[in-house]
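For the sequence shown, the tail end lands on 931 under the working numbering, and the numbers increase by one without skipping.
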Amino acid sequence: MPPKKKKAGGKKTKKSVKVSDFTDADLECFIKNYTNFSKAAGLPVYGPIVKCLTEHKQEFDGGGNENLATRQFFLSPLMKDGRMVNPDEPRLGPGGCRAMATAILATGPGMAKALPTDPGGPFKALRSLRIWHNRIGDDGAAALAEVLRLGGSEVKLVYLELWHNLIGPRGCRALGDSLAGPSPLNRGGGNRSLEGFKLDFNPIGSAGLTNLARGLRSNASLLQLHASYCQIDSLGCAALGDALSFDKLGLILLNLQGNSIGDEGLSLLCPGLAANNSLLNLNLADNQIGERRTVVKPMQDFAVVLTEHKTLATLNLDMNRLCTETADALL
601 MPPKKKKAGG KKTKKSVKVS DFTDADLECF IKNYTNFSKA AGLPVYGPIV KCLTEHKQEF
661 DGGGNENLAT RQFFLSPLMK DGRMVNPDEP RLGPGGCRAM ATAILATGPG MAKALPTDPG
721 GPFKALRSLR IWHNRIGDDG AAALAEVLRL GGSEVKLVYL ELWHNLIGPR GCRALGDSLA
781 GPSPLNRGGG NRSLEGFKLD FNPIGSAGLT NLARGLRSNA SLLQLHASYC QIDSLGCAAL
841 GDALSFDKLG LILLNLQGNS IGDEGLSLLC PGLAANNSLL NLNLADNQIG ERRTVVKPMQ
901 DFAVVLTEHK TLATLNLDMN RLCTETADAL L
């Protein structure tokens, strides 16, 4: 009996897809620049940077390295159930963050440049940078602000996530300046690539939020700002409310969960929210709002804003213990 003919359209061979747009040359150049700068500056080479870029450089068929697949660095101590496995594990720190930022921009002495005889230059393929629990502090934040400010058209970071990194008001000033539009006092500003920014679990306080808000007023490209559990009280809401009123502001999501803005902060946000025409999602969960029976007017004003706002679609007030009076005012 002759062998059966294979049916047309039978089982297809799985097509192999490249992990990412990171080429071997991109990775080798960055690692070389980072390692050389760290050694020249007397800084230890942070192993996870090299590890996350050198593992799994293979064809991608559904598995593989997520960091490469999404064109991102994800730097974090080993975590389990939301906790660090080894609290004494080495961290990137401010110096290591400076070395990494310098290597991304390829601006340090002796770094591989984009020349015909010396391929290299800025790490242009990088799109997402996520750093958790690495104690980069204000100096590290300032180094990353330089990537945003000077990277321009070459290093187009789209997403920046800096959870639990001991960043305060000074770091926020540098980051805010990098996001602001160019001006006589801020000629190097004007980042227009960043769309998502997460600063959760950093002690930026109201001063830090104020510094960020000043930069946001003239930024149309940032779409999401997350500053949850950042020790922000009502004082930070004046500058933020002012920023929300600017026509150039492009934010569609604002997350302030887990702070303590209270009724005073809500009242300060209302004028800006009333003038805002971009916000779609607002998260004010767990902010000590509406808990006092004798303070109803802020919620009344907020209810008017919600009624008249043209774009707001989602509001989160969970974990605010609204009393009957403020709940009725909202409804």
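Think of the CB as a built atom: it goes at the ideal place given N, C-alpha and C, for glycine as much as any other residue. Being a predicted model, the structure only gives us computed values, none of them experimental.
Which same chain residues end up closer than 7 Å to G850 when comparing Cβ atoms and leaving out the 5 residues on each side of it in sequence? Counted from its first residue, the sequence shown places residue 850 at position 250. Result list for G850: N819, A820, S821, L822, L823 and S878, in chain order.
Whole-angstrom Cβ separation of S778 and L729, contact assumed at under 8 Å? Looking up residue 778 in the sequence shown gives position 178. Looking up residue 729 in the sequence shown gives position 129. Not really, about 13 Å apart at Cβ, beyond 8 Å.
Using the C-alpha atoms, what's the distance from A641 back to A725? The sequence position of residue 725 within the sequence shown is 125, counting from 1. The sequence position of residue 641 within the sequence shown is 41, counting from 1. So the two alpha carbons sit approximately 26 Å from each other.
For the alpha helix (DSSP H) that contains E897, what are its first and last residues? Residue numbering aside, residue 897 sits at position 297 when the sequence shown is read from its first letter. Note on identity: in this sequence residue 897 is Lys, with Glu being the wrong assignment. Element bounds for K897: K897 to E908.
State whether the segment 761 to 781 contacts the segment 736 to 753, with contact taken as three or more CB pairs (one from each stretch) at a distance under 8 Å. yes
Grouping DSSP H, G and I as helix and E and B as strand, with all else coil, what is M684? Along the sequence shown, read from residue 1 onward, the residue named residue 684 stands at position 84. Reduced to three states, the DSSP call for M684 is strand.
Going by the beta-carbon positions, is the gap between D918 and A885 smaller than 7 Å? Here the question's residue 918 lines up with position 318 in the sequence shown. Here the question's residue 885 lines up with position 285 in the sequence shown. Going by C-beta atoms, D918 is nearer than 7 Å to A885.
Distance check for D847 and C830, CA to CA, integer angstroms please. Here residue 830 refers to the residue found at position 230 when the sequence shown is read from its first residue. Here residue 847 refers to the residue found at position 247 when the sequence shown is read from its first residue. Rounded to whole angstroms, C830 to D847 spans 26 Å at the Cα level.
Tell me where the alpha helix (DSSP H) around S867 begins and ends. As a first step, residue 867 must be located in the sequence shown, where it is residue number 267. Looking at the DSSP string, the run of the alpha helix (DSSP H) that includes S867 is G862 to A875.
Nearest-angstrom beta carbon gap, L760 and R735 [assumed within contact, 8 Å]: Counting from one through the sequence shown, the residue named residue 735 turns up at place 135. Counting from one through the sequence shown, the residue named residue 760 turns up at place 160. R735 to L760, Cβ: 17 Å. No contact.
Go ahead and pull the three-state DSSP assignment for R730. Position 130 of the sequence shown, counting from 1, holds the residue named residue 730. R730 falls in the strand class under three-state DSSP.
Suppose contacts are defined by Cβ-Cβ distances below 7 Å. Is I731 in contact with L643 by that definition? Mapped onto the sequence shown, residue 731 falls at position 131. Mapped onto the sequence shown, residue 643 falls at position 43. Cβ atoms of I731 and L643: not closer than 7 Å.
Using only CA atoms, which one of K910, F902 and H909 lies nearest to L930? For the purposes of this step, residue 930 is taken as the residue at position 330 of the sequence shown. That would be F902, whose Cα lies nearest to the Cα of L930.
Along the chain, where does the beta strand (DSSP E) that runs through G708 open and close? Here residue 708 refers to the residue found at position 108 when the sequence shown is read from its first residue. Looking at the DSSP string, G708 is not in any beta strand (DSSP E), and its letter there is neither H nor E.
Taking 7 Å as the threshold (C-beta atoms), are L880 and T907 in contact? Within the sequence shown, residue 907 is the residue found at index 307, counting from 1. Within the sequence shown, residue 880 is the residue found at index 280, counting from 1. Going by C-beta atoms, T907 is not nearer than 7 Å to L880.
Excluding the five sequence neighbours on either side, which residues of its own chain have a C-beta within less than 6 Å of the C-beta of R814, listed in chain order? Numbered from 1 along the sequence shown, position 214 holds the residue referred to as residue 814. Excluding residues within five positions, the ones whose Cβ falls inside 6 Å are G776.
Rounded separation between I832 and V896 - CA only: Against the sequence shown, residue 832 aligns to sequence position 232. Against the sequence shown, residue 896 aligns to sequence position 296. Distance between the alpha carbons of I832 and V896: 22 Å.
As assigned by DSSP and simplified to three states, the class of K798: Taking the first residue of the sequence shown as position 1, residue 798 is located at position 198. K798 falls in the strand class under three-state DSSP.
State yes or no: is the C-beta of G695 within less than 7 Å of the C-beta of A706? The sequence position of residue 695 within the sequence shown is 95, counting from 1. The sequence position of residue 706 within the sequence shown is 106, counting from 1. No, these two residues do not count as a Cβ contact at 7 Å.
For a test of the three-state rule: what should DSSP assign to L854, helix, strand or coil? In the sequence shown, the residue the question calls residue 854 occupies position 254. It is a strand residue.
Do S793 and A699 have their C-beta atoms closer together than 7 Å? Counting from 1 along the sequence shown, the entry for residue 793 is found at position 193. Counting from 1 along the sequence shown, the entry for residue 699 is found at position 99. It is not a contact, given that the beta carbons lie outside the stated cut-off.
The ligand GTP and C923: does the residue's C-beta get closer than 6 Å to at least one heavy atom of that ligand? The ligand GTP is not part of the structure shown, which contains no ligands of any sort.
In chain order, what residues of the same chain lie with their CB nearer than 6 Å to the CB of G693, ignoring the 5 residues before and after it? Numbered from its first residue, the sequence shown carries residue 693 at position 93. Contacts found: R735.
Are the beta-carbon atoms of G890 and N859 separated by less than 7 Å? By 1-based counting over the sequence shown, the position of residue 890 is 290. By 1-based counting over the sequence shown, the position of residue 859 is 259. Taking 7 Å as the Cβ cut-off, G890 and N859 do not qualify as a contacting pair.
Own chain, CB closer than 6 Å to P803, minus 5 neighbours either side, in chain order: The residue labelled residue 803 in the question sits at position 203 within the sequence shown. If we look at P803 and ignore the five residues flanking it on each side, its Cβ neighbours are G768 and Q831.
Work out the CA separation of F797 and T810 for me, nearest whole Å. The sequence position of residue 810 within the sequence shown is 210, counting from 1. The sequence position of residue 797 within the sequence shown is 197, counting from 1. If I take the Cα positions, the gap works out to 16 Å.
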